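Q: Per this note's numbering, residue 91 is the first one in the sequence shown, and the count goes up by one each step.
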Amino acid sequence: MIRLPSTHAAITAPLVASNARFPGIPIGRSLLDGRPFHLSPALTDDRFLPSTNCLALGGLGSGKSTTAKTRGNREILHHDHQYVVIDSFGEDSSGEWAPLTRSRGGRVIRAGDFTLNPCSDLFPSEVREELIRSLIAAVEPGALTHQATHALQHALNHPKATSLNGLVDALVVPQAGRWPIAKLTEWGEGAAIALSRYTEGSLRGLFDGQDASLPEADLPIISFDFSHLDRNSPAIPSLMAAISCWAEHVWLRQSTAPHRHLVLEEAWQILLSPATSDLIQRLLKNSRKTGLSVEAVMHTLSDLGAGKAQDLARLVEIAHIGRLGPEEASIVGALLGLPAWAVDRIPTLEPGQAVWKVGPDYVDIVQTILTDEEAALTDTSSRRRKAQQAHAVDQATAATATELDENSNDVQNEDLAAPVEQDTREGGDYWDWDMPVNVIDTRHRDAVLAAREGRCSEAAQLAALGEREDITAHGINSDQAVSWLATRARVAELCGSPDQAVRLRATVARMGKDVEWFDQSGESTSPEWYRGPQPEPPTPTADDTLPPARRRTWPYIAAIAALAIAAGVVWQNGSDENSREERQERAAAYKGRSGAALDIDGVNADLVARWTKDRTRVILVLSSYFDQDARYLRIDASDKSASTTRENDYFPKDPEIAVPVKDPLADVTVRVAIGGKNWKEDSRAASRTIRLSPTGTAFDAETGKQLPSDL
Numbered sequence: 091m092i093r094l095p096s097t098h099a100a101i102t103a104p105l106v107a108s109n110a111r112f113p114g115i116p117i118g119r120s121l122l123d124g125r126p127f128h129l130s131p132a133l134t135d136d137r138f139l140p141s142t143n144c145l146a147l148g149g150l151g152s153g154k155s156t157t158a159k160t161r162g163n164r165e166i167l168h169h170d171h172q173y174v175v176i177d178s179f180g181e182d183s184s185g186e187w188a189p190l191t192r193s194r195g196g197r198v199i200r201a202g203d204f205t206l207n208p209c210s211d212l213f214p215s216e217v218r219e220e221l222i223r224s225l226i227a228a229v230e231p232g233a234l235t236h237q238a239t240h241a242l243q244h245a246l247n248h249p250k251a252t253s254l255n256g257l258v259d260a261l262v263v264p265q266a267g268r269w270p271i272a273k274l275t276e277w278g279e280g281a282a283i284a285l286s287r288y289t290e291g292s293l294r295g296l297f298d299g300q301d302a303s304l305p306e307a308d309l310p311i312i313s314f315d316f317s318h319l320d321r322n323s324p325a326i327p328s329l330m331a332a333i334s335c336w337a338e339h340v341w342l343r344q345s346t347a348p349h350r351h352l353v354l355e356e357a358w359q360i361l362l363s364p365a366t367s368d369l370i371q372r373l374l375k376n377s378r379k380t381g382l383s384v385e386a387v388m389h390t391l392s393d394l395g396a397g398k399a400q401d402l403a404r405l406v407e408i409a410h411i412g413r414l415g416p417e418e419a420s421i422v423g424a425l426l427g428l429p430a431w432a433v434d435r436i437p438t439l440e441p442g443q444a445v446w447k448v449g450p451d452y453v454d455i456v457q458t459i460l461t462d463e464e465a466a467l468t469d470t471s472s473r474r475r476k477a478q479q480a481h482a483v484d485q486a487t488a489a490t491a492t493e494l495d496e497n498s499n500d501v502q503n504e505d506l507a508a509p510v511e512q513d514t515r516e517g518g519d520y521w522d523w524d525m526p527v528n529v530i531d532t533r534h535r536d537a538v539l540a541a542r543e544g545r546c547s548e549a550a551q552l553a554a555l556g557e558r559e560d561i562t563a564h565g566i567n568s569d570q571a572v573s574w575l576a577t578r579a580r581v582a583e584l585c586g587s588p589d590q591a592v593r594l595r596a597t598v599a600r601m602g603k604d605v606e607w608f609d610q611s612g613e614s615t616s617p618e619w620y621r622g623p624q625p626e627p628p629t630p631t632a633d634d635t636l637p638p639a640r641r642r643t644w645p646y647i648a649a650i651a652a653l654a655i656a657a658g659v660v661w662q663n664g665s666d667e668n669s670r671e672e673r674q675e676r677a678a679a680y681k682g683r684s685g686a687a688l689d690i691d692g693v694n695a696d697l698v699a700r701w702t703k704d705r706t707r708v709i710l711v712l713s714s715y716f717d718q719d720a721r722y723l724r725i726d727a728s729d730k731s732a733s734t735t736r737e738n739d740y741f742p743k744d745p746e747i748a749v750p751v752k753d754p755l756a757d758v759t760v761r762v763a764i765g766g767k768n769w770k771e772d773s774r775a776a777s778r779t780i781r782l783s784p785t786g787t788a789f790d791a792e793t794g795k796q797l798p799s800d801l
């Protein structure tokens, strides 16, 4: 393997990222070259990746925990891996891993809802001693002297030492042994005081039970929920010590899974404790031979200080770093050996994006991609969205009130009554534009009726009230909420405020809503929100039936011909000018990349086109790495084609072709064929023709409809 200086690595790292490929679950897409990014550390060659331990860093909202949960979900589903999670953050008195844990048939164990007996016979004798030593170190690190250790070992053999209360009694009143009772009492005093925190002090109820109910070792995922505990509570390192002992001596020995993962959320709380950092360090060092991946998730490395805890970060081979401040990014870059270009990108990353370092050399920037189910299972921002939604409702109401005041002032100042349109249709139906079925109700009708009758203030209030109700019930971007913009625009028109109506309709246009109540006129794609009564055709008169007088037509024909020739010349010149302007616009909008999100034969796939730097070729890649129903992929362009068939759980290689191009600003047409879950090798796959533009857009070549982009 060739090692380069850091200055050279900064130049070559994007090329390394482009050419490397790992086996395993899909995680997302590279932002450097657009290719899918897969990684299952346990499946990667250990010559390239000696350790499978992982470190995830990132500020609030950067998506580090979402990525960790998504990886866990896919490893469980695709490879039958097992997870144990130390979960210390969440919403509504529940850890953030709880929804995923329950959906995968796992178990959530809430701290305080169970009592563990570290002296139980369910633990081997060496595990009992190590667990109790860890509990002592968690609350009184200086209590474990050599003499105290001997006194503890002696007390564990006492008949009373079947529970933590009995063990404290055995330390305070020891049995006679090799050493005098007075000496044993003196030596065990510190350990007894430390353990009394669990039997009589603030940590009572966690470890002083008589029974020990150990979690099952064959569950796909177990989440220990610490979210309701105070973050500075000594209960966290104490519980972590107990869980680490159970994981190392019970879970890893009894589990039959091909690989196991121990996830530490808010890991700084655990690693800062001397008692637990030693345990985690031992797990990290022994992870390879025990088939374990330790995955630490935290905000910044600065949380660990500059001591022994931060040194643990050097024991990981995999790191993904979300958005951090420039100063913190420099610290992380120096510790992990990141190239300068990657460090510079860290402060600018968006949610779900992260710099990934895998092994000694591979560096990439990856956008995590979620399915709808995963987005729901990993969501931890519901409270924040509710607050934003409530704020948006307040703003919308305030804006409506302001507009209402302006309308009222305009009417009063001009002393003009709003025109009232009388409805003459049978049944008194006041609707003159179509609304979606799911939003037709009397509230819209009442608002429009009030505006027709000149009660503009009341109409605006009714529309504002209805909008607020639907925003609260369905969300600010829902069809129900957007329909009120249509009603408010109609009310503004009826009340003599056309400018306000135009602004409201422009708001919906900017939202990009494909609402059903748009009326299309002719070939225009602009929405026609209101279609008034059309004038009746004129009744022919007697004069209209008389034959027209004969006139000399050749002068007119000659004049028309001359005008047509002149117009043709002008049109040709105008067409050339338009063509030049269009090319200039395309050149200004040139991105050198395009993508389309496709749904063919029930399979979700991404088609990506990437123009080379010299603009002489375009690289086309088709991927469907998130859809388990995909069986066959094929692309054809010009005289080139590529195809692949799923083998086991994934495609061995995505179809990729390089097509030469003469005009770098011209669109490229590609034929895409995809076989879904019912596809057979001897059957024809469903296909579509896609047109990809170097400006970043993609279209269905047959219908001309713009396709959603994967960008």
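For glycine and all other residues, C-beta sits at the position ideal for the given N, C-alpha and C. From a predicted model like this one, the values you see are computed outputs, not experimental measurements.
1. In the DSSP assignment, find the alpha helix (DSSP H) that holds K70 and state where it starts and stops.
2. Using only the alpha-carbon positions, how far apart do D816 and G449 sit?
3. Compute the beta-carbon to beta-carbon distance between L352 and A332, rounded to the nearest angstrom, for a pair I have assumed lies under 8 Å.
4. DSSP three-state label for Q718, please.
5. Assuming D536 is part of the alpha helix (DSSP H), what are its boundary residues?
6. Helix, strand or coil, according to DSSP, for H244 in the structure here?
7. Any idea what DSSP makes of A142, helix, strand or coil?
8. With distances taken from CA atoms, which of A251, L319, C546 and R580 is nearest R218?
9. Might you give, ordered along the chain, the residues of its own chain that have their beta carbon closer than 8 Å to the beta carbon of E504, omitting 5 neighbours on each side?
10. Taking just the CA atoms, how far does A571 sit from R533?
11. So what does DSSP say about T390, is it helix, strand or coil?
12. Buried or exposed for R595, please, with buried defined as at least 16 other CB atoms from any protein chain shown within 10 angstroms of its CB.
13. So if DSSP puts P437 in a beta bridge, which residue, or which two residues, is it bridged to?
14. Quick check on L304: buried or exposed, where buried means 16 or more other Cβ atoms within 10 Å of its Cβ?
15. Starting from the Cα of G412, find the closest Cα among E792, L225 and S155 and give me that residue.
16. Taking the alpha carbon of N694 as the reference point, which residue from A537, D462, R350 and W277 has its own alpha carbon closest?
17. Do you know whose CA, among D719, L712, D757 and F741, lies nearest Y680's CA?
18. Is A686 near L797, with beta carbons less than 8 Å apart?
19. Straight-line CA distance for E186 to D315?
20. In terms of residues, what are the limits of the alpha helix (DSSP H) holding E463?
21. Please report how far the alpha carbon of R683 lies from the alpha carbon of T787, in whole angstroms.
22. Can you give me the start and stop residues for the alpha helix (DSSP H) that T157 sits inside?
23. Can you tell me whether DSSP reads I115 as helix, strand or coil?
24. Alpha carbon to alpha carbon, what distance is there between G153 and P441?
25. At the level of alpha carbons, what is the spacing between S714 and L460?
26. Is the separation between the beta-carbon of R724 and that of A763 shorter than 8 Å?
27. Is it true that the CB of L374 sits closer than 8 Å to the CB of V384?
28. On a Cα-Cα basis, can you pick out the residue from R761, F112 and Q265 that is closest to Y452?
29. On the DSSP bridge assignment, give the partners of R707 in chain order.
30. Out of R781, L293 and T577, which has the shortest C-alpha to C-alpha gap to A325?
31. Please name the residue in S120, L206, I222 and L167 whose C-alpha comes closest to that of T191.
32. Please report the residue range of the alpha helix (DSSP H) in which N255 lies.
33. Considering just the uninterrupted stretch of the alpha helix (DSSP H) at G685, what are its terminal residues?
34. Pull up the CB-CB distance for V456 and G118, whole angstroms please, since I reckon it's below 8 Å.
35. Less than 6 Å between C-beta atoms, sequence neighbours within five positions excluded: which residues of the same chain meet that for V708?
36. On the criterion of 16 or more Cβ atoms from any shown chain inside 10 Å, does S215 qualify as buried, or is it exposed?
A: So, from the listed chains and residues:
1. The structure shown does not extend to residue 70, since the chain is modelled only from 91 to 801, so the question has no answer here.
2. Only positions 91 to 801 of the chain appear in this structure, which leaves residue 816 out of reach.
3. The sequence position of residue 352 within the sequence shown is 262, counting from 1. The sequence position of residue 332 within the sequence shown is 242, counting from 1. Contact between L352 and A332 is absent: CB atoms are separated by about 14 Å, not below the 8 Å threshold.
4. In the sequence shown, residue 718 corresponds to position 628, counting from 1. Three-state result, Q718: coil.
5. Taking the sequence shown and counting its residues from 1, one reaches residue 536 at position 446. Residues T532 to R542.
6. Reading the sequence shown from its first residue, position 154 is the one you call residue 244. For H244, the secondary structure class from DSSP, reduced to helix, strand or coil, is helix.
7. By 1-based counting over the sequence shown, the position of residue 142 is 52. Reading off the sequence shown, one finds Thr at residue 142, where the question assumed Ala. Three-state DSSP puts T142 in coil, outside helix and strand.
8. As a position in the sequence shown, residue 218 is number 128, starting the count at 1. Closest option to R218, judged by alpha-carbon separation, among A251, L319, C546 and R580: A251.
9. One-based indexing of the sequence shown puts residue 504 at position 414. Caution applies to E504, whose pLDDT of 40 falls short of 50 and renders its modelled position unreliable; the value that the coordinates give is listed next. For E504, where only same-chain residues beyond five positions count, there are no Cβ hits under 8 Å.
10. By one-based count along the sequence shown, residue 533 stands at place 443. By one-based count along the sequence shown, residue 571 stands at place 481. Computed Cα separation, rounded: 13 Å.
11. Position 300 of the sequence shown holds residue 390. Note: T390 maps to coil in three-state DSSP.
12. Residue numbering aside, residue 595 sits at position 505 when the sequence shown is read from its first letter. Here R595 is buried. Its C-beta has 16 or more other C-beta atoms within 10 Å.
13. By one-based count along the sequence shown, residue 437 stands at place 347. In the DSSP output, where bridge partners are listed per residue, P437 has none listed.
14. What you label residue 304 is simply residue 214 of the sequence shown in a count that begins at 1. Result: exposed.
15. On the sequence shown, position 322 is the one that residue 412 refers to. Relative to the Cα of G412, the nearest Cα in the group E792, L225 and S155 belongs to S155.
16. If you number the sequence shown from 1, residue 694 lands on position 604. Ranking the options by Cα distance to N694, first place goes to D462.
17. Sequence index remark: in the sequence shown, residue 680 carries index 590 (1-based). It is D757 whose Cα lies nearest to the Cα of Y680.
18. The sequence position of residue 686 within the sequence shown is 596, counting from 1. The sequence position of residue 797 within the sequence shown is 707, counting from 1. Closer than 8 Å, so yes.
19. Position 96 of the sequence shown, counted from the first residue, corresponds to residue 186. Position 225 of the sequence shown, counted from the first residue, corresponds to residue 315. For E186 and D315, the distance between alpha carbons rounds to 9 Å.
20. One-based indexing of the sequence shown puts residue 463 at position 373. Unbroken alpha helix (DSSP H) run through E463: D462 to L467.
21. Taking the sequence shown and counting its residues from 1, the one referred to as residue 683 is at position 593. Taking the sequence shown and counting its residues from 1, the one referred to as residue 787 is at position 697. About 9 Å.
22. Translated into the one-based positions of the sequence shown, residue 157 becomes position 67. K154 to H169 is the span of the alpha helix (DSSP H), which, as asked, contains T157.
23. Mapped onto the sequence shown, residue 115 falls at position 25. Three-state result, I115: coil.
24. Counting from 1 along the sequence shown, the entry for residue 441 is found at position 351. Counting from 1 along the sequence shown, the entry for residue 153 is found at position 63. Looking at the two C-alpha atoms, the distance is approximately 5 Å.
25. Taking the sequence shown and counting its residues from 1, one reaches residue 714 at position 624. Taking the sequence shown and counting its residues from 1, one reaches residue 460 at position 370. It is roughly 13 Å from the alpha-carbon of S714 to the alpha-carbon of L460.
26. As a position in the sequence shown, residue 724 is number 634, starting the count at 1. As a position in the sequence shown, residue 763 is number 673, starting the count at 1. In this structure, A763 lies closer than 8 Å to R724 by Cβ.
27. Position 294 of the sequence shown, counted from the first residue, corresponds to residue 384. Position 284 of the sequence shown, counted from the first residue, corresponds to residue 374. Yes, Cβ-Cβ distance for V384 and L374 is below 8 Å.
28. Locating residue 452 in the sequence shown gives position 362, counting from the first residue. Comparing Cα positions, the closest option is F112.
29. In the sequence shown, counting from the first residue as 1, residue 707 sits at position 617. DSSP, once it has assigned bridges, lists P750 as partnering R707.
30. One-based indexing of the sequence shown puts residue 325 at position 235. Of R781, L293 and T577, the residue nearest in Cα terms is L293.
31. Against the sequence shown, residue 191 aligns to sequence position 101. When S120, L206, I222 and L167 are compared, the shortest CA-CA separation from T191 is found for L167.
32. For the purposes of this step, residue 255 is taken as residue 165 along the sequence shown, with counting starting at 1. Counting along the chain, the unbroken alpha helix (DSSP H) around N255 starts and ends at L254 to V262.
33. The residue you call residue 685 lines up with position 595 of the sequence shown. Where G685 is concerned, there is no enclosing alpha helix (DSSP H), although the beta strand (DSSP E) it sits in stretches over R683 to I690.
34. Mapped onto the sequence shown, residue 456 falls at position 366. Mapped onto the sequence shown, residue 118 falls at position 28. Confirmed, about 5 Å.
35. By one-based count along the sequence shown, residue 708 stands at place 618. Excluding positions up to five away in sequence, the list reads A699, W701, V749, V751 and V758.
36. For the purposes of this step, residue 215 is identified with residue 125 of the sequence shown, where counting begins at 1. S215 is exposed by the Cβ-count criterion.
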